[in-house]
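Notes to accompany the following structure.
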Amino acid sequence: MAAAPFIDDCQISVANQNLDGSGAGIVLLSVGHSAGKRIDEIHCKPLSPPTLKGLVRFFYSKDGGTTKRLLQEVQLPSSPQATADPGSQVTFETSTNLPPNFVLTSTNQHIYVSTHNALTINIFASGMILG
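Counting in the working numbering, the sequence shown runs from -5 upward without gaps.
Set out below in structure tokens:
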């Protein structure tokens, strides 16, 4: 089977300041694949301009979500612009933000996300399902 592109997405909005992946507002972003799933880029788009700096937290689980470990935090800049403005966004390549050769090789491997502040944020992960 040849490699195939994918896009996973979710929306987060409930403030959660826990660093252990517990509590409300932890949302599933991506599930691994038996052939291997490589996430190349993650895009975080607030639906309204944040007035305070925000954080998006990414958690890794290797056991289907039973245990979650903080993997990365990405800062969203504040924006003093009017609410009609689309606001700031953050796109990052995972090669600089995740461990090298980070491939989800099992359907028990999950990536979860949460937000530090009560902001509604759309999250998109894109990459390749390996063949």
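By construction, the Cβ of each residue, glycine as well, lies at the ideal position given by its N, Cα and C atoms.
query	result
Report yes if the C-beta distance between F118 and I36 is below 9 angstroms; otherwise report no.	yes
Need the endpoints of the beta strand (DSSP E) that N111 sits in, please.	Careful: N111 lies outside any beta strand (DSSP E) and carries neither H nor E.
Are the CB atoms of N111 and L46 within a distance shorter than 9 angstroms?	yes
Please classify P71: is it buried, with 16 or more other beta-carbons within 10 angstroms of its beta-carbon, or exposed?	exposed
Is T101 near G30, with beta carbons less than 9 angstroms apart?	no
Spatial neighbours of C38 within its chain, please: CB distance less than 7 angstroms, with the 5 preceding and 5 following residues excluded, ordered by chain position.	V50, V68, L70, Q83, V84, I115, I117
Can you tell me whether DSSP reads Q103 as helix, strand or coil?	coil
Which residue comes first and which comes last in the beta strand (DSSP E) that contains L22?	21 to 25
Leaving out the 5 sequence neighbours to the left and right, which residues in its chain are closer than 6 angstroms to Q5 when beta-carbon positions are compared?	N116
Could you give the distance in angstroms between the alpha-carbon of S108 and the alpha-carbon of G17?	10 angstroms
Are there 16 or more other CB atoms within 10 angstroms of the CB of I1, so buried, or fewer, so exposed?	exposed
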